[in-house]
Amino acid sequence: MEKTTKREDINVREDYPTPAIEVSSQQLQPSKSLTTKPTEPAWRIIISLVLLFLNYFLAQYDKFVLSYFQDEVITSLKLSEASYGILSGYATGIVYALLALPAAYIADYTTARVWVLTVSAIWWSLCAIFQGLSHNFWQILLARIGMGIGQAPVECLSVSLISDLMGKEYVFVGESILYVGVYIGEAVSGQIAVAFARTNTPWNTALIAIGIVGIVVAVFIRLLIREPLRQTSLVNDSFPDIPGDHTISQTATRSAKLSMASKDLTATLDYILHMRSFWLLVLAASFRQLAGNVFGYYMPTYLSTLYPSKSNLLSDYGIIVGVVGSVAVLLGGLLTSAYWHKTKILPLYLVGVGGMISSIFVLLMLFSLEASGGNQDSGVRVLYGTMSAAYITAELWLGAINSIIVLLFPPRYKTFALSIWDAIQVIIYSTGPEIIGLALRNVDPSSQAYLDGTKIALAVMIPVGYWLAGVGFLLAIPLVRRDLDGDFVVGRLDVKRKIGFGIFAAVNAVMVVVLFTVSIVYKD
1 MEKTTKREDI NVREDYPTPA IEVSSQQLQP SKSLTTKPTE PAWRIIISLV
51 LLFLNYFLAQ YDKFVLSYFQ DEVITSLKLS EASYGILSGY ATGIVYALLA
101 LPAAYIADYT TARVWVLTVS AIWWSLCAIF QGLSHNFWQI LLARIGMGIG
151 QAPVECLSVS LISDLMGKEY VFVGESILYV GVYIGEAVSG QIAVAFARTN
201 TPWNTALIAI GIVGIVVAVF IRLLIREPLR QTSLVNDSFP DIPGDHTISQ
251 TATRSAKLSM ASKDLTATLD YILHMRSFWL LVLAASFRQL AGNVFGYYMP
301 TYLSTLYPSK SNLLSDYGII VGVVGSVAVL LGGLLTSAYW HKTKILPLYL
351 VGVGGMISSI FVLLMLFSLE ASGGNQDSGV RVLYGTMSAA YITAELWLGA
401 INSIIVLLFP PRYKTFALSI WDAIQVIIYS TGPEIIGLAL RNVDPSSQAY
451 LDGTKIALAV MIPVGYWLAG VGFLLAIPLV RRDLDGDFVV GRLDVKRKIG
501 FGIFAAVNAV MVVVLFTVSI VYKD
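Sequential numbering from 1 applies to the sequence shown in this note's numbering.
So this is what it looks like as structure tokens:
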């Protein structure tokens, strides 16, 4: 049987998996007292937030290029649907998942989050340029793999930095502002897609331009953002053995550094394994992201094909996503911040219930033309209305849910722990494009059969993903409450729990190997 304990009992238990540090005080830099208020002046916080937002937005942009220019990319590079599925799925997903972990761990261990973010931004920007210069599948595949390496730590580092920059009272709003980049990216991409179509500008020009801008932003990140002090955890302020910033000094011996690194790594993994809510939350978030990933990569092209007479459809689509999505994610952050002291699990309701409601509007989007009797003018009005409703109900979640997740972790390990959270999601949600690419590999993209097949795939995968996520988040509520109270599983994990973790890891590994291998075999 698993043992439990309340927070007040943790300090007297030796078997609780808290971070252990056994180096002398001379080997550590003096600890700085943790705080729950912003430690930087307002102007520097604003500049930092703007730069982190720009970098995150640019790092998302390649996905929008593939989405909005799907037909052009496939035609110019002579790709099959399976090849496109690889580029939009595991090409970046696998390396993203693997490289996020060491990059985030280095950032936590050395307090070099800004440096790691700068180097990664320059790297992925160069790879974006190389994508724009690609002439065949293998060239763009290698460039996207390289870009996945550079993009791997961007989200977890940005969330971690904002959680320390903004302070306890404003962290939810700050994280929500970061995720506005996802929706602004859609809005900008829609306008660019229309402008490029009207001027016959090739799709790769957008990638080259975004790579150049990314390098400029990376330079400003290094010059203007300072490494902030580590904040106390928002919900675990009194957790034991988390006394401050335990960075090893330059004079520490190599053995002392290796010893601390090993203990910290083990402690972080133990901490996550003993949380009650983590695994259900990460599964729920993965299904939600899978639905969103499929939506983002296939919906714009599907809708533009469904309404061929509407030349401004992609532009309107981008504006709706940008405006409504941004309002929704900011609203989620504001609601969570306003009601945090009354209820700490509001984001779980926003995500769970909102996604299930949104699935109804997604189906109406997909069948908007049929619902309007085949009339394109009426159909597009139905489309825009249901799309707005779908986004305002579904997109309340990103900033709020990630704020809670990062603040559930001990301060000095949160970047590494958050990277584990991100990596698991990436491995699962990258399966979406792979599956659709394989399912449509023998279908002519210009045929009615392809349009119908895409509609069926979207009508199944998006609502199912939303509902699985919704049920998962709602079921996780009592577990999150126990984690918030410090009621963790303590002592050695029992056999049942270990077997569960082993099966989870094995299923993910087999899924990746099988789907990626089959995609490569059937790429032509």
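The C-beta atom is built at its ideal place from N, Cα and C for all residues, glycine as well.
If we call anything under 8 Å between Cβ atoms a contact, is W279 one with P347?
-> no
Decide if the segment 206-220 is in contact with the segment 114-127; the criterion is three or more beta carbon pairs, one per stretch, under 8 Å apart.
-> yes
Which residues share a DSSP beta bridge with V182?
-> Answer is none; V182 lacks a bridge partner.
Okay, do the segment 45-54 and the segment 407-420 touch, 3+ Cβ pairs below 8 Å being the bar?
-> no
Of the residues I477, S430, I503 and L283, the one placed nearest G296, counting alpha carbons only | S430
Buried or exposed: where does L440 fall if 16 or more other Cβ atoms within 10 Å of its Cβ makes it buried?
-> buried
From this set, I420, Q425 and G181, which residue's C-alpha is nearest A328's C-alpha?
-> G181
Along the alpha helix (DSSP H) that carries F295, what are the first and last residues, could you check?
-> F278 to L306
Measure the C-alpha to C-alpha separation of V171 and S48 and round it to an integer number of angstroms.
-> 14 Å
Does the separation of the CB atoms of Y56 and L178 fall below 8 Å?
-> yes
Nearest to G325 by CA position, among S176, Y61, S446 and L383, is which residue?
-> S176
Report the three-state DSSP secondary structure of A505 (helix, strand or coil).
-> helix
Would you call the CB atoms of L99 and A152 closer than 8 Å?
-> yes
Go ahead and pull the three-state DSSP assignment for V443.
-> coil
In chain order, what residues of the same chain lie with their CB nearer than 7 Å to the CB of M356, ignoring the 5 residues before and after it?
-> Y466, W467 and G470
What's the call for W138, buried or exposed, on a 16-neighbour Cβ count within 10 Å?
-> exposed
What is the rounded straight-line gap between the Cα of I536 and the Cα of I435?
-> Here the chain covers residues 1 to 524 and nothing more, so residue 536 does not appear.
Leaving out five residues before and five after C127 in sequence, what residues of the same chain have Cβ atoms less than 7 Å from its Cβ?
-> A143, G146, M147 and G150
Assumed close pair G318, A476 - CB separation to whole angstroms, cut-off 8 Å = Actually they do not touch by this definition, with Cβ atoms about 33 Å apart.
Going by Cα to Cα distance, which pick from K455, V460 and T415 is closest to V154?
-> T415
Quick one: using the 10 Å Cβ neighbour count with 16 as the cut-off for buried, is L458 buried or exposed?
-> buried
Might you give, ordered along the chain, the residues of its own chain that have their beta carbon closer than 7 Å to the beta carbon of S304, omitting 5 neighbours on each side?
-> L313 and L314
Going by C-alpha distance, which of V353, V443, G432 and D377 is nearest G472?
-> V353
Which same chain residues, not among the five before or five after G322, have their C-beta less than 7 Å away from its C-beta?
-> Y183, I184, E186 and A187
Tell me where the alpha helix (DSSP H) around L484 begins and ends.
-> Q448 to L484
How big is the Cα-Cα spacing for Y78 and T336?
-> It should be noted that the sequence gives Lys, not Tyr, for residue 78. Cα to Cα, the separation comes out at about 47 Å.
Mind checking whether P463 and S359 have CB atoms under 8 Å apart?
-> yes
Using DSSP with H/G/I as helix, E/B as strand and the rest coil, what is S163?
-> helix
Leaving out the 5 sequence neighbours to the left and right, which residues in its chain are closer than 6 Å to A505 when beta-carbon positions are compared?
-> none
The alpha helix (DSSP H) enclosing E395, as first and last residue numbers | No alpha helix (DSSP H) contains E395, which DSSP labels as neither H nor E.
Output the boundary residues of the alpha helix (DSSP H) element that contains S368.
-> S368 to A371
Cβ-based burial, Y105 [other Cβ within 10 Å; buried from 16] | buried
Using the beta-carbon count (16 or more within 10 Å), is G502 buried or exposed?
-> exposed
4-residue-minimum alpha helix (DSSP H) runs that sit fully inside the segment 171-215, ordered along the chain | 171-199
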